[in-house]
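> Have a look at this one.
2 protein chains.
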Amino acid sequence: MDRQECDSLFQRHGVKSTPNRIIVAEALSEASQPVSLSELEEKIVSIDKSGIFRTLSLFKDHHLVHVIDDGSGSVRYELCHSEDGHDDDQHIHFYCEVCRRTFCLSEIPVPEISVPQGYEVTSTNFVLHGICPECSRK
Amino acid sequence: MDRQECDSLFQRHGVKSTPNRIIVAEALSEASQPVSLSELEEKIVSIDKSGIFRTLSLFKDHHLVHVIDDGSGSVRYELCHSEDGHDDDQHIHFYCEVCRRTFCLSEIPVPEISVPQGYEVTSTNFVLHGICPECSRK
DNA sequence: ATCTTCCTGCAACCCGGTTGCAAATGCAGA
DNA sequence: TCTGCATTTGCAACCGGGTTGCAGGAAGAT
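Protein chains in written order, with my numbering: chain A, 1 to 138; chain B, 139 to 276.
Given below as structure tokens:
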């Protein structure tokens, strides 16, 4: 994602462009897997933890990223792929208990669940735990 | 759950019975919803946080409870209902963003997912977020 | 240039979870 | 019953992710 794509992304989501935000957005887009705050801290040495955190929070509020809680103890962030303001690109994630990485199973949509009367669903968090192909081969 | 049921439960799961463990097991069985460590701390004033924690860890290792990460920042515990040693009573949970309670949607089983070749699934965590009937009525 | 607002870094804090350690308890064998 | 060992427990301290208060700095408006 180059500078221009970034700005257009921000504009679509109503986020003002700043140098830090561009750096964070690029780091997110480069990641092949959902990343945690601490991973971003390591990757982006130029920005303070709190800055990254606030940027992520802002992105989250503007539906630019979505949040996955894989049960590893730290939350992970992933760029939304849907272009409209809503997270309709929810998919299942897989957390490997051996290498502790989280994978997007992008192909698999979250199954539709018919909830009991009265419940109103706004988002879903569906994480499978187990062993990834790479680790189970060993 | 009375004392005797407790002991039999422990025996089935290979857990030695101690006073503390009985107290924790009873607290879990009395809860209508999955409970967090801090909730148990409030409920069980006679046992130290670390004791409750260790008891829960032990229960988890012996498949006496299962763990739900509802994304609220603290993990919740729930007595397993299946009597064999394995967690085959997985079901969906609902986290209300207003009252911050977690509900078991016991009726709804976790849908079977066919994962890509190579992935080996050991457990699932499926949590819906939204507003519960009680809160949406207001 | 000045004012105001927003953005940022720093340091401190909060809280859930976890561990080391030593005292207490339980249990087996003499 | 006494002794020695293993397990359980409480206490205090720690850890790490997440979060916030504050003050300095940049950006935009008047």
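Virtual Cβ for every residue (Gly too), placed ideally from N, Cα, C.
Just to confirm before moving on: does the CB-CB distance between C96/A and C132/A stay below 8 Å?
A contact, by the Cβ cut-off of 8 Å.
> Give the DSSP-derived three-state secondary structure of G189/B in the structure shown.
Correct three-state label for G189/B: helix.
> Which residue comes first and which comes last in the alpha helix (DSSP H) that contains I44/A?
Premise fails: I44/A is in no alpha helix (DSSP H) and is neither H nor E.
> Bridge partners for P109/A per DSSP, in chain order?
According to DSSP, P109/A bridges with H91/A.
> Per DSSP, which residues does E272/B bridge with? Please list them.
DSSP output for E272/B lists no bridge partner at all.
> Taking the alpha-carbon positions, what's the V162/B to S174/B distance?
When rounded, the distance between both Cα atoms is 12 Å.
> Hey, R101/A and Q33/A: beta-carbon distance below 8 Å or not?
For R101/A and Q33/A, yes; Cβs fall inside 8 Å.
> Counting C-beta neighbours from all protein chains within 10 Å, is the total for D186/B 16 or more, i.e. buried, or is it exposed?
Under this definition D186/B is an exposed residue.
> I want to see whether chain A comes within less than 8 Å of S170/B, judged by CB atoms only; does it?
No - not a single Cβ of chain A is within 8 Å of the one on S170/B.
> Which residues in the same chain as S74/A place their Cβ atom closer than 7 Å to its Cβ, once the five residues preceding and following it in sequence are excluded?
The residues are S36, L37, S38.
> For the beta strand (DSSP E) that L217/B lies in, which residues bound it at each end?
First-last of the beta strand (DSSP E) with L217/B: 214-217.
> Kindly list, in the order they appear in chain B, the residues whose Cβ is closer than 8 Å to that of T102/A.
Chain B residues near T102/A: none, gap ~12 Å exceeds 8 Å.
> Where L266/B and S184/B are concerned, what is the direct C-alpha to C-alpha distance, given to the nearest angstrom?
About 34 Å.
> What residues of chain A sit near G303/B, judged by a beta carbon separation below 7 Å?
In this structure chain B extends from 139 to 276, so residue 303/B is not present and cannot be described.
> With respect to the beta strand (DSSP E) encompassing V205/B, which residues constitute its N-terminal and C-terminal limits?
Residues 203-206.
> Return the Cβ separation of L194/B and V153/B in integer angstroms, given the expectation that the two are a contact with Cβ distance under 8 Å.
12 Å between Cβ atoms; not a contact.
> Check whether the Cβ atoms of D69/A and N125/A lie closer than 8 Å to each other.
Closer than 8 Å, so yes.
> Considering only residues of the same chain and omitting the five flanking positions on each side of S29/A, which have a CB-CB separation below 8 Å?
Around S29/A: M1, L79.
> With 8 Å as the threshold, decide whether the Cβ of F264/B is near any Cβ in chain A.
Yes, F264/B counts as interfacial toward chain A.
> Thinking just about the alpha-carbon of each residue, which of V203/B, S274/B, H231/B is nearest to the one in S210/B?
Nearest of V203/B, S274/B, H231/B to S210/B, Cα basis: H231/B.
> Determine the contact status of S136/A and E164/B, defining contact as a CB-CB distance below 8 Å.
It is not a contact, given that the beta carbons lie outside the stated cut-off.
> Report the rounded CA-to-CA distance for K43/A versus L64/A, giving the unit in angstroms.
Straight-line Cα distance between these residues: approximately 20 Å.
> Taking all protein chains shown into account, do 16 or more other C-beta atoms lie within 10 angstroms of the C-beta of V98/A, making it buried, or fewer, making it exposed?
Exposed, since its Cβ has fewer than 16 Cβ neighbours within 10 Å.
> Secondary structure at H151/B, three-state DSSP: helix, strand or coil?
H151/B: helix per DSSP, three-state reduction.
> Consult DSSP for C144/B and reduce its assignment to one of helix, strand or coil.
Reduced to three states, the DSSP call for C144/B is helix.
> Buried or exposed for R159/B, please, with buried defined as at least 16 other CB atoms from any protein chain shown within 10 angstroms of its CB.
Flag for R159/B reads buried.
> Which residue wins for smallest C-alpha separation from S252/B, given the options F53/A, E41/A, S114/A, V110/A?
Looking at the Cα atoms, V110/A is the closest of the given residues.
> Using a Cβ-Cβ distance cut-off of 8 Å, determine whether S244/B contacts chain A.
No, S244/B lies away from the interface with chain A (no Cβ there is under 8 Å from its Cβ).
> Report yes or no: is there a C-beta of chain A within less than 8 Å of the C-beta of D199/B?
For D199/B, the answer is no, since every Cβ of chain A falls outside 8 Å of its Cβ.
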